[in-house]
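In terms of numbering that gives the first Met the number 0, the numbers along the sequence shown are unbroken and rise by one, the last being 735.
Note that the Cβ used here is the ideal one computed from N, Cα and C, for glycine as well.
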Amino acid sequence: MREVYLDEVTPFPIMPELSAGHWVTGREIAGLPGAPGGHYDVSRWAYRHGVARRKRRGRGGGYEYAVGTMPAETQKALQSAPIYDESFSGDGAPGEPPAAEPLSMGPVKTARLDILAALTRWELNGYPTLTEARRRFVAAYRRREAGVWENTYVSIPDISIRSLYRWRKDMQGEKAKGCAGRPSGLTPYIMDAVLTQLYAGGSSATITNIHAALSARYGDEVPSLRSLQRSIRQWREKHKQAATYLDSPEKWRSKHQVAFGRMDEGVTRINQIWELDSTIADVALRAPSGEMRLRRYALVGVIDVWSRRVMYQLAPVSSSAAITQLLRRALLQWGVPEKLRLDNGRDYTSERVALLATALAIRIEHCRPFHPEEKPFIERAFRTVSTAMEMLPGYVGHSVAERQELRAREKARARVGDAKVDLGPQALSPAEMQAWLDNWAENDYGRRTHGSLGSSPWERANSWKGAVRRIEDERVLDVLYEPVSRGGMRTVLKRGIQIDHRWYVAPELGAHVGERVRCYRDFDDEARICVYGDDKWICWAVDAEGAERKEIAAEAKSVQRKALRTELEKIRSARRRTSAAAAWQEIAVARAEEAEKIKALPELAEAHTTAMTRAAEEAARAKEETLPALAAATDEKTERHIEELRARRLGEEKKNRHTRPAIWRDEQHRYEYCRMMVREGQERDLVYDDLPFIAGYEKGYRVKGPIRWRFGEKAGKTAAEILRSAEIPYPIKMAR
């Protein structure tokens, strides 16, 4: 049979023939035979001819009309007219619910409609069978000779007989929308949505959940699940760094972040930079009270960058007290560093750490939040010690996944009949763990050769021949101790100092019974506290027991008696220089002098006389007339007596002025008295402890500067300098 080929192609795709159940819009009806010329009049035309209509779903709204209820000539015209897919509404009958919203004419859908229209023409050209027509059509399409638009070849480069079956079935069945197909790749805005889901969920965002979320938002524009999986896998292979960062920033930092340089390039000497940080130990420890309750403690570490020496401090939580305790140990063993590189946590920015750095002239550098790469050496030291902890009893794993694996292992052992291991009795105590850390850091890590150094930290530190700044007096670092509860203040009682139901005693406390002192706790030894009083160090007090407590008590009584004798001797010396017998007279005179300084205002008064007062006035006048003669005889004797009384009073005042007060009102009162004695040449009447008091007072903060004499042989000298040059027969005890 002769093969027939189409010489020309229909310039637009045509739809299959319309049936009576199809619905069309007013624009498609306007202008057809038996229908009005404009689509605005279609509604009235449909009402007059009884044409069924329903509301149209989709953009623009309006109505659509059933073809089977139209006049015959209009139906015939619709059957012969070419209908674009954008004017095709779908199947249905009057009174049925509206059909789904038709898809817009995308390039893939238009190309498939063009192919189906060309296939229909090929099938009508007289081929022996439809299968032969379709096979020849596929072959012609691959040669780009199938008679379709050029854009169709671009949108769908290749077809198959099975694809043609599926597309035609979708067009004729309920899956009319399937002709539009699903895109095989990800459009830019869908890819943005995928990246948003990955950024929000990271490694926990599954492809199934992402596909469900995108399908709910974008519908059929989303490719299939397998296509989405393939696209995301290709994106991850192409953007490995971004994918790793979305999954885990920590993993990206350790695997991909650039590390071309060295963080220790500028470190050329020992104790130049120390790095400090905290972490949680991977070992569960027993409670200090002996209970079987297990708990993970915080691990605070410090490392000297130049020598790689490391030291750890175990604490219930990472706090400023634990940090300063670790620094105290490192300062005493290693020396004073030049700079501390610290974390940015609240415990590392505390006032106590800043006070220590200021007091010892140490510079502080805080790392940026969430940037552990700025202190890599202490981070690496933590990783090393964590690996060593795997052999300890009570090991709980480095991560959540590892802890779950350990728990699953225990359950598996229980299923096969092995007894469950109780870690309570085997777990270490905090003291045992601290001892293990100190031994590991000194004898294991410290004696192990480091690849970056070519030697061990111990060898590196001992190879330094330069000077190392040291702290000779350990009490300089007492400020690093943590005060006990209630602000650290306690009263020294007869039994000692009570803290948390424990009594701390020391021989030196015997001289301070009844006084308020400040107590600091020693982390290295819970049975010892540091005691301060009036900003001066007193002693170390211990929680002694048995014979040791008796020895301390006997020595404390001796110290107390000696201090009491010293105080009583001062009181007796003061009694010899002054007397308290005339104290009542001095009080009366002082009150009278104070009363004379205050005068009352004059008051309005009027004379009040009676017969008796007038008689008394006459008697008084008579007495006054006889007094001049008597006074003349006694004037000379009276004046001599008055002069004697005045001289006696001046002598008493001068004597009282030089009398040393029994009790000083304050330090300024004592200082003014000593200056007066020096001014009047009475230096030798001062006691042996006045000179150190005056020298200390003039150097103290209570006066702006020492007061010097302006005139005479003492000009330019202070009271302390004059006393030092005076010949005092008894020894002067100088202040230390």
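Take residue i and list the residues in its own chain whose beta-carbon comes closer than 7 Å to its own, dropping the five residues that flank it on each side.
i: GLY334; result: ASN270, VAL467, ARG468, ARG469
i: ASP281; result: SER385, MET388, TYR394, VAL395, GLY396, HIS397
i: GLY33; result: PRO70, GLU72, THR73
i: GLY265; result: none
i: PRO429; result: LEU284, PRO287, TYR296, LEU313
i: LEU330; result: ILE470, LEU476
i: ALA426; result: ALA283, LEU284, ARG285, LEU293, PRO392, GLY393
i: PRO35; result: ALA29, VAL41, TRP44
i: LEU77; result: LEU17, VAL23, LEU31, VAL66
i: ARG446; result: SER455, TRP457
i: GLY49; result: THR68
i: PRO368; result: ASN343
i: THR448; result: SER454, SER455
i: ALA526; result: VAL541, ASP542
According to DSSP, is residue i part of a helix, a strand, or is it coil?
i: ALA591; result: helix
i: ASP113; result: helix
i: ALA145; result: coil
i: PRO660; result: coil
i: HIS511; result: helix
i: HIS449; result: strand
i: LYS561; result: helix
i: GLN433; result: helix
i: PRO336; result: coil
i: TRP502; result: strand
i: GLN497; result: strand
i: THR469; result: Residue identity check: residue 469 is Arg in the sequence provided, not Thr. DSSP places ARG469 in coil when its eight states are reduced to three.
i: THR717; result: strand
i: TYR519; result: strand
i: LEU427; result: coil
i: LYS698; result: helix
i: PRO97; result: Interpretation of PRO97 is limited by its pLDDT of 38, a score under 50 that renders its predicted location unreliable; the figure taken from the coordinates is listed afterwards. Residue state, collapsed to three classes: coil.
i: PRO156; result: coil
i: GLU666; result: helix
Does residue i pass the burial test, meaning 16 or more other C-beta atoms within 10 Å, or should it be called exposed?
i: TYR39; result: exposed
i: ARG161; result: exposed
i: HIS255; result: exposed
i: LEU129; result: exposed
i: LYS108; result: buried
i: ASP443; result: exposed
i: THR717; result: buried
i: GLY218; result: exposed
i: PHE381; result: buried
i: LEU644; result: exposed
i: ASP346; result: buried
i: GLN324; result: buried
i: ILE322; result: buried
i: LEU227; result: buried
i: ASP689; result: buried
i: GLY680; result: exposed
i: LEU436; result: buried
Skipping 5 residues on each side, what residues in its chain have a beta carbon closer than 6 Å to that of residue i?
i: ALA71; result: none
i: MET432; result: LEU284, LEU313
i: ALA573; result: ALA661
i: ARG669; result: TRP663
i: GLY25; result: HIS38, VAL41
i: GLU507; result: ILE537, CYS538
i: VAL221; result: LEU213, SER214
i: VAL316; result: ALA297
i: LEU185; result: SER230
Apart from the five residues on each side of it in sequence, which residues of its chain come closer than 8 Å, Cβ to Cβ, to residue i?
i: ASP113; result: PRO12, VAL147, TRP148, THR151
i: LYS338; result: GLN271, ILE272, TRP273, ILE361, ARG362, ILE363, GLU364
i: GLN240; result: TRP251, HIS255
i: HIS514; result: Going by the sequence as given, residue 514 is Glu instead of His. Cβ within range, chain order: THR490, VAL491, GLY532.
Problem - Residue ranges of each alpha helix (DSSP H) within the stretch 221-272, 4 or longer - result: 224-237, 239-246, 248-254
Handout entry: Ordered list of alpha helix (DSSP H) runs contained in the stretch 26-71, each at least 4 residues
Key = 41-48
Exercise for the section: At 4 residues or longer, and completely inside the stretch 274-329: list those alpha helix (DSSP H) runs for me, N to C. Expected result: none
Practice task
Would you check if the stretch 522-539 and the stretch 557-569 touch, i.e. whether three or more CB-CB distances between them fall below 8 Å?
Solution key: no
Practice task
Specify whether the stretch 485-505 and the stretch 453-467 touch according to this definition: at least 3 beta carbon pairs, one from each stretch, less than 8 Å apart.
Solution key: no
Exercise for the section: Give a yes or no on contact between the stretch 355-364 and the stretch 240-253, applying the rule of three or more CB pairs nearer than 8 Å. Expected result: no
Exercise for the section: Decide if the stretch 372-383 is in contact with the stretch 348-357; the criterion is three or more beta carbon pairs, one per stretch, under 8 Å apart. Expected result: no
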